[in-house]
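In our numbering, the protein residues as written are 787 to 880. Heads up, the beta-carbon is just placed ideally off N, CA and C, and yes, glycines get one too.
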Amino acid sequence: DLVLAYNQITGALSSELSKLTNLETLWIEDSAITGSIPRGIRQLSSLERVILARGKFSGSIPSGLQEFSDLRELDLSFNQMEGTLPDPLAELPR
787 DLVLAYNQIT
797 GALSSELSKL
807 TNLETLWIED
817 SAITGSIPRG
827 IRQLSSLERV
837 ILARGKFSGS
847 IPSGLQEFSD
857 LRELDLSFNQ
867 MEGTLPDPLA
877 ELPR
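Spelled out as structure tokens, the structure:
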């Protein structure tokens, strides 16, 4: 798990994040991290929870998240992201 919630870390998420291929939880809620979600996130196919709520993320919602068979929670609320969620993602509990 990678938990960076409730902090004042600034800057963007590194593309190196994609090397954490066994990551199951990415939780960066209520942080000062800015920029877009790296496209490499789609390589993290073991993700079960992605919580990026109440942040400063912008840009489009990364494609490929709907292909994560273990994903059961996705929260991108209260950011400056744009685009629509693919139907399978819109049906997740959060």
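Excluding its 5 nearest sequence neighbours in each direction, S846 has C-beta neighbours in its own chain below 8 angstroms: S822, M867, E868 and G869, listed in chain order. Here the C-alpha atom of P872 lies approximately 15 angstroms from the C-alpha atom of S863. For Q829, the secondary structure class from DSSP, reduced to helix, strand or coil, is helix. A direct Cα-Cα distance of roughly 21 angstroms separates I819 from Q829. DSSP places L878 in the coil class of the three-state scheme, outside both helix and strand.
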